Structures are given as C-alpha cells and as structure tokens.
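Trainee:
2 protein chains.
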Amino acid sequence: MAKKSTTRANSESTDDYLKAILTIGGPQEDRVTGNALAEHLQVRPASITGMLQKLSGQETPLVEYEKHRGARLTPAGKRRALEVIRHHRLIELFLHDILDYPWDEVHAEAERLEHFISERMEERIAAKLGDPLIDPHGHGIPRKDGSLPERREVCLSELAAGNTGVVTSVSDRRPDVLRELKNLGIVPRAHLTVTERRAGSRPMRVRIGPASQDIPLTVRLSSAIYVSQ
Amino acid sequence: MAKKSTTRANSESTDDYLKAILTIGGPQEDRVTGNALAEHLQVRPASITGMLQKLSGQETPLVEYEKHRGARLTPAGKRRALEVIRHHRLIELFLHDILDYPWDEVHAEAERLEHFISERMEERIAAKLGDPLIDPHGHGIPRKDGSLPERREVCLSELAAGNTGVVTSVSDRRPDVLRELKNLGIVPRAHLTVTERRAGSRPMRVRIGPASQDIPLTVRLSSAIYVSQ
DNA sequence: AATGCAATTTAGGCACACCTAAATTCTGGG
DNA sequence: CCCAGAATTTAGGTGTGCCTAAATTGCATT
Ligand SMILES: [Mn+2]
Ligand SMILES: [Mn+2]
Ligand SMILES: [Mn+2]
Ligand SMILES: [Mn+2]
Chain L
1351 MAKKSTTRAN SESTDDYLKA ILTIGGPQED RVTGNALAEH LQVRPASITG
1401 MLQKLSGQET PLVEYEKHRG ARLTPAGKRR ALEVIRHHRL IELFLHDILD
1451 YPWDEVHAEA ERLEHFISER MEERIAAKLG DPLIDPHGHG IPRKDGSLPE
1501 RREVCLSELA AGNTGVVTSV SDRRPDVLRE LKNLGIVPRA HLTVTERRAG
1551 SRPMRVRIGP ASQDIPLTVR LSSAIYVSQ
Chain D
1351 MAKKSTTRAN SESTDDYLKA ILTIGGPQED RVTGNALAEH LQVRPASITG
1401 MLQKLSGQET PLVEYEKHRG ARLTPAGKRR ALEVIRHHRL IELFLHDILD
1451 YPWDEVHAEA ERLEHFISER MEERIAAKLG DPLIDPHGHG IPRKDGSLPE
1501 RREVCLSELA AGNTGVVTSV SDRRPDVLRE LKNLGIVPRA HLTVTERRAG
1551 SRPMRVRIGP ASQDIPLTVR LSSAIYVSQ
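Residue numbers (our numbering), protein chains in the order written: chain L, 1351 to 1579; chain D, 1351 to 1579.
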C-alpha cells in the first residue's frame, strides 16, 4: 500500500520558488528580490533567504544567488520551472476539456497536481489533447523541449481610448474575476475596443466584439485582461 | 503562483497509515500490530509508534491505540481510509480507460495522486466514468457514502486440483506480474480450472477459459489471483 | 560623508515524519 | 514461575520549510 517515497527530486516548495522567480523575473530574467518573492509566495522574507541559500548551494544549483543581490534561475532551474508550468497548463486544459471543469476552477486544482503527475501522465494528457499549445486562459503551454514562444501582449488597463485589440489571455488567479469575464464574453480571441477612458478611478468602457453597446470595466477586471493589437 | 498550503487536513503519511490499518486489519477490523504496519509501510517500528501516538492523540482521533496492544481505526479513520481508497481506484480506472494507461502502470500513479485530488475532481472523474464500482484489477470502488460490499473470493493458490472459478481480482502491486497475467488472459471475469496440484514447490497448472491446454502457474502468479467459485 | 529606514539576513524554534540505539514490556516454553 | 527473545517504546537526531525577533546591510537623501 505504501513504499519509501523518501525524497522526491524536487519538492513542491522548490517548484513554487522556481516558478515564482521565472514569473516575477519575466522574459528578460531580471534578478528577483527577496521581498517580491515573499509577497508572491506568501511567506516571510526570512524564509525566502533560507530557501534561496539552499537552492543556490546544491550540487547542481537551481538558483543563482548572492547576499542582498536577489536571485535568478540557473539553466537547470529554468528548465524545471518550465516543466512545472507545462504540467500546470496541460492539467488546466485537461480538466477543462476532458473533465468539464468550469474555467475558474482549473487553476487551483492544477496548482496542486502540477507537482505530482509523472512524466508518463504528462505525456498521456498531451497526447489526449493533441499536443496543445494554449491553455484555457490563453497562456502558452511550454513544449516538451522547454520552448515557449514569447508573446507580444499588453494589459488592457494600459490601453488608451480608441484602441482595438484581440484578447490573448486572462489572468487565472481569481475565480470571481474569471466568472465575470466569461459572462461578459471576454475570453481569448474576443475582440475589444476601448471606447472611453477618463482620468482618476472612473472605470474604462469597452465594446465587446460586434456589440453596439459598450460596458464599464473596473480595474479589477481590466487588469486581468491581456490583448494584442 | 503559490499560497499558504500550511497543513492539509490529512497528510500523505496519515492517509497511508489509515489505508494500511484497514488493509491489514481486514473486514473484521482486527487490531493491527506495529510490526505488521512497519513491514507494510516499509518504515522502522519506532516510527510506527510515534505516528500511532499522534494519530490516536488528536482532537478527533483517527486511530484507537494503546501501548503494546496494536491499533485499529476509529469511525473517522475508517471513513478517511475508504475515501482515499475510492480516490485510488477511481484514478486507476480513469488512467486506464480515459488516458489509455497500461494496467500495470496505473497503481503507482494512483498511489501518489490519491492524496492530492480534490473532492471536485473525484466527482468529475466518477461522473465521466459513470459511477463505476470496479477498478481495472477487479477491486471494488467504495461508494461516496463509504460503503464497500464485501467480496467472497479466495486466492487461487489455495484452490485444490479440480476446482473451477472465475477471476474476481488480481493484486496490483507488481507490474511484472500484471503484465504476465494479461498476456495469459488472466483478467477479472476469466474462467480458470485447476488441473493439477502437486506437493512441494511444483507449480500448479490451470486451464484458462475454454482453452484445451493447461499451463503452469508459479506461486508468484497464483498468489496474485483471486477467484470466486 | 552621515543617517535613517527598508530590505535582508541571522539566530533560535516548531511541526512533520523519519532513523538508530537503547530501554522496556510481553509472551511462550521450559 | 521464570526468562530469553521478540515486539514495542523511549530517547535523541536529521532534513524540510516555515515563523518570530533581533541583527545587519545598503541605499537614498540630505
Ligand atoms: Mn493557472
Ligand atoms: Mn491558465
Ligand atoms: Mn492500486
Ligand atoms: Mn487496483
């Protein structure tokens, strides 16, 4: 019924640190500060220090780290981070397309399972889905070889009035936001036109697809939407 | 990307201990000895003691335990054990039927994932499979309410010559054994007749289904097969 | 150049689940 | 009844990852 599951090659925590460094550092792979990591991972800064020391002090370090100068991924760390992200996004699509999960629930489930599926299962899921390249929220799925084409997308909240764009992706962290977006028809590939943009905290207004009416979008929503022009 | 996953209600280890106690204790739920648990879980006896103390000393104890007198599940512990077994067997069937896993690989994957899927995912998998009651190896899948009808099955290795039976289940731990059984056509619902049984370590011989020839079965194989007469 | 605060690191601890070695306790023969 | 050997428990440790409190360090701004 059980066996010696001693030490998994990469722990759940390690995976999460690597993903966080990749995400925060962005495509340019800037050095990431401890504070940013602490915020992102919801962990105290002191804990970050300890973990970075460990991750950078291993036989094959996953992180490059010097006191007070932040952290960045080593090639090995980046490889693992992309692998976990591949797991995450394949699982999301799988839950959505095969198990009929609503799109606001897939993220939480994938966030846990991404650490525990085998390479075999990754392969089977990818096959079942036909080696997909996009997850339910429009995010790119890293390929088996770790490649992930860069996107040219901007956050809708940064678009000025008059601009038009196609939704490329939406942030998947907040189920409530995802549900509202779905209701509004704001999903990847939808067309949006910014019809109004006032100063201050007045919500922007957008027209969705071929609609004749425009609707208001609070920052809570607009900042979760990414478009390409 | 991550969050405070502080303490899951039941840890992977806890789940494994509960499953082991249920399995070893059998349907009569005998008290299980520390040694048997140590053997089953591949852990030192001292570790068993510590864990049993913890599991029996909680707010709502999962285990009933008194020094030197072994352990048995409390109702709460049994409920959790059956829930994990339900997860395990649903996952096995799912991997086999939906993801086209070979039947000798499902056990290892399920053994890990059973601890991490949500109730939502359990529900979706069960729905996708049509609320199944039997896993790929012929084991019963506990129902949502925790019920699991008892089986009347005997191990093939205990059958005398001349007896006939229908395979009800096969042990799923050893991939190599499972592969051989599949090759021989020994799967749940197959008909077997014991044609020969000698003393000593001479392998028994069985006829499979309507075959005209009988084949030898070493104890390694016959002890993994359960039949009903 | 000085300083004052924010960011980071160190120190000391905790919970988990495991281990080894060294007690105990129990039990079945004699 | 007694006692050795087996089973179990206790004692003392380890590695992971987290926390709080108490240093440090570095940097922006005078
Ligand atoms: Mn996600
Ligand atoms: Mn996504
Ligand atoms: Mn199994
Ligand atoms: Mn099974």
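Yeah, the Cβ is synthetic: ideal placement off N, Cα and C, and Gly gets one too. Just so you know, these numbers come straight off a predicted model, no measurement behind them.
Give the single residue among 1426/D, 1453/D, 1428/D whose Cα lies nearest to the Cα of residue 1439/D.
Mentor: When each option's Cα is compared against that of residue 1439/D, the closest is 1453/D.
Trainee: Mind reading off the beta-carbon distance from residue 1384/D to residue 1398/D? Whole number of angstroms is fine, and I expect it under 8 Å.
Mentor: Their Cβ separation, rounded to whole angstroms, is 5 Å, which keeps residue 1384/D and residue 1398/D in contact under 8 Å.
Trainee: If the cut is a Cβ gap below 9 Å, which residues of chain L does residue 1478/D touch?
Mentor: Ordered by position in chain L, the residues that pass the 9 Å Cβ test against residue 1478/D are 1448, 1449, 1450.
Trainee: Based on the DSSP output, what are the partners of residue 1546/D in its beta bridges?
Mentor: Paired residues: 1555/D.
Trainee: What in chain L is Cβ-close to residue 1401/D, meaning under 7 Å?
Mentor: Within chain L, no residue comes near residue 1401/D; the closest Cβ sits about 12 Å away, beyond 7 Å.
Trainee: Below 8 Å on the Cβ atoms is my contact criterion, and I expect residue 1448/L with residue 1478/L to pass it. Report the Cβ-Cβ distance as a whole number of Å.
Mentor: That pair is a contact at about 7 Å.
Trainee: Determine the direct distance from the alpha carbon of residue 1460/D to that of residue 1466/L, and round the result to whole angstroms.
Mentor: Distance between the alpha carbons of residue 1466/L and residue 1460/D: 10 Å.
Trainee: At which residue ranges does the region 1369 to 1444 of chain L contain complete beta strand (DSSP E) runs of 3 or more residues, listed in the order of the chain?
Mentor: Complete beta strand (DSSP E) runs here, min 3: 1413 to 1415, 1421 to 1423.
Trainee: What is the C-beta distance between residue 1503/L and residue 1578/L, in whole angstroms, given that I count them as a contact (C-beta under 8 Å)?
Mentor: Going by Cβ atoms, the distance from residue 1503/L to residue 1578/L rounds to 5 Å, so yes, they are a contact pair.
Trainee: Excluding the 5 residues preceding and the 5 following residue 1546/L in the sequence, name in chain order all residues of the same chain whose CB lies nearer than 8 Å to its CB.
Mentor: Correct list, in chain order: 1511, 1554, 1555, 1564.
Trainee: Please classify residue 1519/D as buried or exposed, where buried requires at least 16 neighbouring CB atoms within 10 angstroms.
Mentor: Buried: at least 16 other Cβ atoms inside 10 Å.
Trainee: Can you give me the C-alpha to C-alpha distance between residue 1367/L and residue 1458/L, rounded to a whole angstrom?
Mentor: Going by the C-alpha atoms only, they are around 17 Å apart.
Trainee: Quick check on this structure: which residue in 1494/D, 1483/D, 1362/D, 1574/D has the alpha carbon closest to the alpha carbon of residue 1432/D?
Mentor: Closest by alpha carbon: 1494/D.
Trainee: Thinking C-beta only, is residue 1474/D closer than 8 Å to residue 1450/L?
Mentor: For residue 1450/L and residue 1474/D, yes; Cβs fall inside 8 Å.
Trainee: Measure the C-alpha to C-alpha separation of residue 1521/L and residue 1576/D and round it to an integer number of angstroms.
Mentor: Approximately 51 Å, taken between the alpha carbons.
Trainee: To which residues of the same chain is residue 1413/D closer than 8 Å at the C-beta, ignoring the five residues directly before and after it?
Mentor: Only 1367, 1368, 1371, 1402, 1405, 1406, 1421, 1422, 1423, 1424, 1427 meet the Cβ criterion.
Trainee: Looking at the structure shown, is residue 1527/D part of a helix, part of a strand, or coil, going by DSSP?
Mentor: Residue 1527/D falls in the helix class under three-state DSSP.
Trainee: Give a yes or no on whether the minimum CB-CB distance between residue 1475/D and chain L is below 8 Å.
Mentor: With 8 Å as the cut-off, residue 1475/D counts as an interface residue toward chain L.
Trainee: Which of the three DSSP states is assigned to residue 1537/D in this structure?
Mentor: If DSSP states are grouped into helix, strand and coil, residue 1537/D belongs with coil.
Trainee: Any Cβ of chain D within less than 8 Å of the Cβ of residue 1470/L?
Mentor: It does; some Cβ of chain D falls within 8 Å.
Trainee: Would you say residue 1422/L reaches chain D, if we count a Cβ-Cβ gap shorter than 8 Å as a contact?
Mentor: Not closer than 8 Å to any Cβ of chain D, the Cβ of residue 1422/L fails to qualify, so no.
Trainee: Can you tell me which residues form a DSSP beta bridge with residue 1519/D?
Mentor: According to DSSP, which records beta bridges pairwise, residue 1519/D is partnered with 1576/D.
Trainee: Taking the CB atoms as reference points, tell me whether residue 1538/D and residue 1480/D lie closer together than 8 Å.
Mentor: Not closer than 8 Å, so no.
Trainee: To the nearest angstrom, how far is it from the Cα of residue 1441/L to the Cα of residue 1435/L?
Mentor: Rounded to whole angstroms, residue 1441/L to residue 1435/L spans 10 Å at the Cα level.
Trainee: Using only CA atoms, which one of 1509/D, 1419/D, 1445/D lies nearest to residue 1549/D?
Mentor: Among 1509/D, 1419/D, 1445/D, the Cα nearest to that of residue 1549/D is on 1509/D.
Trainee: List the residues of chain L whose Cβ lies closer than 7 Å to the Cβ of residue 1463/D, in chain order.
Mentor: Result: 1466.
Trainee: Tell whether a beta-carbon distance below 8 Å holds between residue 1443/D and residue 1482/D.
Mentor: In contact: residue 1443/D and residue 1482/D (Cβ atoms closer than 8 Å).
Trainee: Leaving aside the five residues before and after residue 1571/D along the sequence, list all residues of the same chain whose C-beta is less than 7 Å from its C-beta, in chain order.
Mentor: Closer than 7 Å at Cβ, skipping near neighbours: 1527, 1530, 1531.
Trainee: Would you call the CB atoms of residue 1540/L and residue 1569/L closer than 8 Å?
Mentor: It is not a contact, given that the beta carbons lie outside the stated cut-off.
Trainee: Classify residue 1366/L as helix, strand or coil using the three-state DSSP reduction.
Mentor: It is helical.
Trainee: Over the uninterrupted alpha helix (DSSP H) stretch that includes residue 1479/L, give me the two end residues.
Mentor: Counting along the chain, the alpha helix (DSSP H) containing residue 1479/L begins and ends at 1469 to 1479.
Trainee: Measure from the alpha carbon of residue 1419/L to the alpha carbon of each residue in 1535/L, 1498/L, 1386/L, then state which is nearest.
Mentor: Comparing Cα-Cα distances from residue 1419/L to each of 1535/L, 1498/L, 1386/L, the minimum goes to 1386/L.
Trainee: Around the C-beta of residue 1353/D, are 16 or more other C-beta atoms found within 10 angstroms, so that it is buried, or is it exposed?
Mentor: Below a pLDDT of 50, predicted positions are generally treated as unreliable, and residue 1353/D, at 35, falls in that range; no measurement from the model is reported.
Trainee: Can you tell me whether DSSP reads residue 1567/L as helix, strand or coil?
Mentor: In this structure, residue 1567/L counts as strand in the three-state DSSP scheme.
Trainee: What does residue 1500/D reach in chain L if we use C-beta pairs closer than 9 Å?
Mentor: What residue 1500/D touches in chain L: nothing, since even the nearest Cβ is about 19 Å away.
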